[in-house]
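No gaps in the numbering here: position 173 of the sequence shown is 207 in our numbering, and each next residue is one more.
Positions of the beta carbon are idealized from the N, C-alpha and C atoms, including for glycine.
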Amino acid sequence: MLVPPPPLLLLLLAVPPRQAAELRLGLRGSPRGSVSPAFLSLTLDASLAREPRFITLLSNPKLRTLARGLSPGFLRFGGTSTDFLIFDPHKDSTLEEEILSGLQAEEGACGAQPGFAAVQELLLAQWPSQEKLLLTEHSQKKHKNTTITGHTLDILHGFANCSGFHLVFGLNALLRRRGREWDSSNAGQLLGYCARRGYNLSWELGNEPNSFKKKSGIYIDGSQLGRDFIHLRRLLSQHPLYRHAKLYGPDVGQPRKHTQHLLRSFLKSGGKVIDSVTWHHYYVNGRSATREDFLSPAVLDTFATAVHDVLEIVAATVPGKKVWLGETSSAYGGGAPQLSNTYLAGFMWLDKLGLAARQGIDVVMRQVFFGAGSYHLVDASFEPLPDYWLSLLYKRLVGTRVLEASVAGADARRLRVYLHCTNPQHPKYQEGDVTLFALNLYNVSQKLQLPRQLWSKQVDQYLLLPHGKESILSRWWTRRRCPRSTRLPWLPAARLACPPSPTAST
Numbered sequence: 035m036l037v038p039p040p041p042l043l044l045l046l047l048a049v050p051p052r053q054a055a056e057l058r059l060g061l062r063g064s065p066r067g068s069v070s071p072a073f074l075s076l077t078l079d080a081s082l083a084r085e086p087r088f089i090t091l092l093s094n095p096k097l098r099t100l101a102r103g104l105s106p107g108f109l110r111f112g113g114t115s116t117d118f119l120i121f122d123p124h125k126d127s128t129l130e131e132e133i134l135s136g137l138q139a140e141e142g143a144c145g146a147q148p149g150f151a152a153v154q155e156l157l158l159a160q161w162p163s164q165e166k167l168l169l170t171e172h173s174q175k176k177h178k179n180t181t182i183t184g185h186t187l188d189i190l191h192g193f194a195n196c197s198g199f200h201l202v203f204g205l206n207a208l209l210r211r212r213g214r215e216w217d218s219s220n221a222g223q224l225l226g227y228c229a230r231r232g233y234n235l236s237w238e239l240g241n242e243p244n245s246f247k248k249k250s251g252i253y254i255d256g257s258q259l260g261r262d263f264i265h266l267r268r269l270l271s272q273h274p275l276y277r278h279a280k281l282y283g284p285d286v287g288q289p290r291k292h293t294q295h296l297l298r299s300f301l302k303s304g305g306k307v308i309d310s311v312t313w314h315h316y317y318v319n320g321r322s323a324t325r326e327d328f329l330s331p332a333v334l335d336t337f338a339t340a341v342h343d344v345l346e347i348v349a350a351t352v353p354g355k356k357v358w359l360g361e362t363s364s365a366y367g368g369g370a371p372q373l374s375n376t377y378l379a380g381f382m383w384l385d386k387l388g389l390a391a392r393q394g395i396d397v398v399m400r401q402v403f404f405g406a407g408s409y410h411l412v413d414a415s416f417e418p419l420p421d422y423w424l425s426l427l428y429k430r431l432v433g434t435r436v437l438e439a440s441v442a443g444a445d446a447r448r449l450r451v452y453l454h455c456t457n458p459q460h461p462k463y464q465e466g467d468v469t470l471f472a473l474n475l476y477n478v479s480q481k482l483q484l485p486r487q488l489w490s491k492q493v494d495q496y497l498l499l500p501h502g503k504e505s506i507l508s509r510w511w512t513r514r515r516c517p518r519s520t521r522l523p524w525l526p527a528a529r530l531a532c533p534p535s536p537t538a539s540t
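Here it is as C-alpha cells:
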C-alpha cells in the first residue's frame with residue numbers, strides 16, 4: 035500500500051477555465067502497473083553509417099557525456115538503412131575509422147581521444163551536405179547498400195558501452211534466397227565477429243517489414259518473417275555468448291490494417307522466439323506537419339488508439355509478451371523542420387511517455403539521439419535540444435511504478451496529467467514520493483488543486499518554459515523551480531506565476 039508521500043514533484047509543460055481543476059490521484063492501493071527501468075531508451079539511425087566515416091562522430095566526449103545523462107537504457111541501431119547494411123570483415127575501413135581505432139587502442143575505448151578532434155571538426159563541416167543527401171534519399175526512397183567493417187561495429191559498441199547503454203543491433207532482413215527465405219550468411223559473419231570481440235548485444239531483424247515492398251520490391255509476409263526469426267534464434271544459439279541473447283521484433287510501422295495483419299501472422303509464426311514485441315509510431319508527416327498538430331488533443335489521442343490496437347493483437351497471439359515502442363518521435367521522414375527540434379515538440383514527447391506507461395508499453399525508444407533530420411535530441415553541434423532536457427528531467431524524476439491520475443473540472447484531453455512513484459535513485463527524494471507531470475493545452479492559465487491530504491506536504495514544482503522571443507518555437511529552455519505552487523503558467527516566461535528560486539538547480 036502506498037502511503038501519502040512527503041513530497042510531491044510536479045513536472046510541467048504549459049500552453050493554457052478559470053475554476054481550479056481538481057487532481058484525483060491514486061495514492062493508495064496497488065500501482066496501476068510498472069515499466070522497465072530502461073523505459074526511456076534511445077536510437078541511433080543506421081543511416082549514420084551510410085558513409086561509415088561519420089560513425090566516428092560518436093567518439094565525441096560531449097556527445098558521450100550527454101548520452102550518459104540519459105542512461106541506463108537500450109540503444110537501438112536500426113531504421114530503414116539497417117536493411118541495406120552489408121558486413122564485410124575483410125574490407126578496409128575508412129581512414130577516419132582507422133585513425134580512431136588506433137587512438138582507442140592506445141588510450142582505451144572510453145578515452146577522450148584529443149588527437150581525433152581535428153578529424154571530427156572536418157567531419158562536422160561536411161555533415162550538413164551528408165545530412166541533406168540522407169534526407170533526400172529517404173524522401174525519394176532511393177536506398178543503396180552500404181558496407182560496414184569491424185571497426186564500424188567497434189565504434190558503435192564502444193559508444194553504447196562507454197555511455198551506459200545496452201546495444202540492440204538491427205540485422206539486414208532483405209538479404210534473401212530466391213526472394214523468399216532469409217539469407218543469414220552475412221548475419222552469421224557479423225555475429226561471429228561480435229562474439230569473438232566479446233560484445234554483449236541484443237538483436238533485431240529488419241525494420242518496418244510492412245514497407246519492404248515499397249523500399250526494395252521484396253514482399254515478405256508475416257509467417258515467413260516469423261520463420262526467419264526462428265532461424266535467427268537458432269543462429270544465435272550457435273554462439274555461447276548469444277545463446278540467451280535477447281531478440282526483439284518485428285519492428286512494424288504504424289498499426290494500419292495491412293500492418294496489423296502482418297503483425298498477427300508474424301506473432302503466430304515466430305512470436306515464441308522473441309523477448310518483446312516491437313512496433314513504431316509517429317504522429318504526423320514531417321513534410322506537412324503544422325504547429326497546431328503538435329498542440330492538438332485529437333492528434334495526441336491517435337497514439338492511445340494505436341497502442342490499443344497493438345496490445346489487442348499481442349494479447350490474442352502471445353499473451354503476456356512485453357510490448358516495446360521500438361522507434362518513435364513526433365513526425366516521420368526525419369521530423370518536422372523548425373518544429374520537431376523546438377520546445378513545441380515536448381508536448382508530443384511528454385504525452386507519449388505518460389500514455390505509453392499508463393497503457394502498458396514497457397520500453398519507449400526515442401528516434402533519434404543524434405543524426406540526420408530535425409527530431410534528434412542533440413544537434414550537429416553537439417548541443418542538446420529541448421527534448422533532451424525534458425528526457426533528462428524525466429529520467430531523474432520519474433520512476434517505474436505507474437499510478438492513477440485524472441482531473442475533474444477541466445477537459446482531460448486538454449489538461450493531461452500522469453502520476454508515477456518518484457525515481458528512488460534521485461538523491462533528494464525517497465521511497466513513497468510521487469511525481470506528477472502535466473501538460474496544459476489550453477491557451478489560458480490553468481489552476482490545479484491538489485488533493486486535501488497533500489495540502490501540508492512539500493511540493494517541488496519544475497516549470498519548463500521556452501526561452502527567448504521565439505516562444506514555443508525556441509530551441510532553448512528556461513528551467514525554473516518553485517518551492518510551492520499549483521498554478522500552471524501559460525507559455526511565455528513573463529507569465530510565470532512564481533518567482534525564480536535562487537537555489538534552483540533543475
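### First and last residue of the uninterrupted beta strand (DSSP E) at ALA390
For the purposes of this step, residue 390 is taken as residue 356 along the sequence shown, with counting starting at 1. It is not in any beta strand (DSSP E) - ALA390 instead sits in the alpha helix (DSSP H) that spans 380-393.
### Message
Less than 8 angstroms between the beta carbons of LEU359 and HIS292, yes or no?
### Response
Indexing the sequence shown from 1 puts residue 359 at position 325. Indexing the sequence shown from 1 puts residue 292 at position 258. Against a cut-off of 8 angstroms, the Cβ pair of HIS292 and LEU359 comes out as no contact.
#### Entry: Rounded C-alpha distance that separates PRO274 from THR376
On the sequence shown, position 240 is the one that residue 274 refers to. On the sequence shown, position 342 is the one that residue 376 refers to. About 46 angstroms.
### Query
Which residue or residues does DSSP assign as beta-bridge partners of VAL348?
The residue given as residue 348 occupies position 314 in the sequence shown. Answer by DSSP bridge pairing: none, since VAL348 is not bridged.
### Query
Thinking C-beta only, is ASP385 closer than 8 angstroms to ARG450?
Taking the first residue of the sequence shown as position 1, residue 450 is located at position 416. Taking the first residue of the sequence shown as position 1, residue 385 is located at position 351. Yes, these two residues count as a Cβ contact at 8 angstroms.
### Where GLU361 sits in the DSSP three-state scheme
Counting from one through the sequence shown, the residue named residue 361 turns up at place 327. In this structure, GLU361 counts as strand in the three-state DSSP scheme.
### Query
Does the distance from the C-beta atom of GLY388 to that of HIS172 stay below 8 angstroms?
Here residue 388 corresponds to residue number 354 of the sequence shown, with the count starting at 1. Here residue 172 corresponds to residue number 138 of the sequence shown, with the count starting at 1. Cβ atoms of GLY388 and HIS172: not closer than 8 angstroms.
### Query
If you pair each beta-carbon of the region 137-146 with each one of the region 426-433, do three or more pairs fall below 8 angstroms?
no
#### Entry: Supposed contact pair LEU134 and THR90 - C-beta distance, whole angstroms, cut 8 angstroms
Indexing the sequence shown from 1 puts residue 90 at position 56. Indexing the sequence shown from 1 puts residue 134 at position 100. Their Cβ separation, rounded to whole angstroms, is 5 angstroms, which keeps THR90 and LEU134 in contact under 8 angstroms.
### Query
With 16 as the cutoff for other CB atoms within 10 Å, does TRP489 come out buried or exposed?
Within the sequence shown, numbered from 1, the residue matching residue 489 stands at position 455. With fewer than 16 other Cβ atoms within 10 Å, it is exposed.
### Message
Assuming TYR409 is part of the beta strand (DSSP E), what are its boundary residues?
### Response
Your numbering for residue 409 matches position 375 in the sequence shown. Careful: TYR409 lies outside any beta strand (DSSP E) and carries neither H nor E.
### Query
From this set, ASN477, HIS454, GLN487, which residue's C-alpha is nearest PHE73's C-alpha?
As a position in the sequence shown, residue 73 is number 39, starting the count at 1. Closest in C-alpha terms to PHE73, from the list ASN477, HIS454, GLN487, comes HIS454.
#### Entry: DSSP three-state assignment for PHE73, whether helix, strand or coil
Taking the first residue of the sequence shown as 1, we reach residue 73 at position 39. Looking at PHE73 - three-state DSSP - the assignment turns out to be coil, as it is neither helix nor strand.
#### Entry: Spatial neighbours of THR537 in its chain, beta-carbon cut-off 7 angstroms, leaving aside the 5 residues before and after
The count along the sequence shown starts at 1 and reaches residue 537 at position 503. For THR537, the predicted model reports a pLDDT of 26, less than 50, meaning its position is unreliable and no value from the coordinates is stated.
### Message
By the three-class DSSP mapping on this structure, what secondary structure does PRO517 have?
### Response
As a first step, residue 517 is located in the sequence shown; it is residue number 483 there, counting from the start. Residue confidence is low: PRO517 scores 44 on pLDDT, short of 50, so the model does not pin down where it sits. Its coordinate-derived value is still stated next. In this structure, PRO517 counts as coil in the three-state DSSP scheme.
### Query
Which one of VAL493, HIS295, PRO461, ARG448 has the shortest CA to CA distance from ALA472?
Taking the first residue of the sequence shown as position 1, residue 472 is located at position 438. That would be ARG448, whose Cα lies nearest to the Cα of ALA472.
### Task
Decide if ILE395 is buried, meaning its Cβ has at least 16 other Cβ atoms within 10 Å, or exposed.
Stepping through the sequence shown from its first residue, residue 395 is reached at position 361. Classification of ILE395: buried, given that the 10 Å Cβ count is 16 or more.
### Message
Applying the 10 Å Cβ sphere with the 16-neighbour rule, what's the burial state of PHE126?
### Response
Mapped onto the sequence shown, residue 126 falls at position 92. Reading off the sequence shown, one finds Asp at residue 126, where the question assumed Phe. By the 10 Å Cβ count, ASP126 comes out exposed.
### Query
Within this structure, are the beta carbons of THR186 and PHE118 separated by less than 8 angstroms?
Mapped onto the sequence shown, residue 186 falls at position 152. Mapped onto the sequence shown, residue 118 falls at position 84. No, the pair does not count as a contact, with Cβ atoms beyond the cut-off.
### Query
If we count Cβ pairs, one from each stretch, closer than 8 angstroms, do we get three or more for the region 104-114 versus the region 232-241?
yes
### Query
Taking buried to mean at least 16 other C-beta atoms within 10 Å of its own C-beta, is LEU459 buried or exposed?
As a working note, residue 459 is residue 425 in the sequence shown. It is worth fixing the name first, because residue 459 is Gln in this sequence and not Leu. Exposed: under 16 other Cβ atoms inside 10 Å.
### Task
List the DSSP bridge partners of ARG58.
Within the sequence shown, numbered from 1, the residue matching residue 58 stands at position 24. According to DSSP, ARG58 bridges with SER440.
### Message
DSSP has ASP79 in a bridge; who is on the other side?
### Response
Position 45 of the sequence shown, counted from the start, is the residue given in the question as residue 79. According to DSSP, which records beta bridges pairwise, ASP79 is partnered with GLY112.
### Query
Apart from the five residues just before and just after ALA207, which ones in its own chain have a Cβ nearer than 6 angstroms to its Cβ?
To locate residue 207, count along the sequence shown from 1; it is residue 173. ASP117, LEU239, GLY240, listed in sequence order.
#### Entry: Limits of the unbroken alpha helix (DSSP H) element including ARG98
Walking along the sequence shown from the start, residue 98 turns up at place 64. Bounds of the alpha helix (DSSP H) holding ARG98 are 95-103.
### Task
Consult DSSP for GLY552 and reduce its assignment to one of helix, strand or coil.
No answer is possible for residue 552: the residues shown for the chain start at 35 and end at 540.
#### Entry: Same chain, Cβ closer than 6 angstroms to ARG518, neighbours up to 5 away in sequence not counted
As a working note, residue 518 is residue 484 in the sequence shown. Confidence in ARG518 is poor, its pLDDT being 42 and thus under 50, which makes the residue's placement too unreliable to answer from.
### Task
Kindly indicate which three-state DSSP category PRO541 falls into: helix, strand or coil?
Shown here, the chain extends from 35 to 540; a query on residue 541 therefore has no answer.
### Where the beta strand (DSSP E) through ASP494 begins and ends
Indexing the sequence shown from 1 puts residue 494 at position 460. Per DSSP, ASP494 belongs to the beta strand (DSSP E) from 492-500.
### Query
DSSP state of PHE403, grouped into three classes?
Counting from 1 along the sequence shown, the entry for residue 403 is found at position 369. Look at PHE403 here: in three-state DSSP terms it is coil, with no helix or strand label.
### Message
Give the list of continuous beta strand (DSSP E) stretches no shorter than 3 residues that lie fully inside the region 281-349.
### Response
281-286, 310-319
### Message
Going by DSSP in three states, ILE120 sits in which element: helix, strand or coil?
### Response
As a working mapping, residue 120 is identified with position 86 in the sequence shown. Correct three-state label for ILE120: strand.
### Query
What residue range is occupied by the uninterrupted beta strand (DSSP E) comprising LEU470?
The count along the sequence shown starts at 1 and reaches residue 470 at position 436. Its beta strand (DSSP E) spans residues 468-474.
### Task
From the DSSP output, in three-state form, read off PRO86 for me.
By one-based count along the sequence shown, residue 86 stands at place 52. If DSSP states are grouped into helix, strand and coil, PRO86 belongs with the helices.
### TYR463 - containing alpha helix (DSSP H), residue span
Numbered from its first residue, the sequence shown carries residue 463 at position 429. First-last for TYR463: undefined, no H or E at that position.
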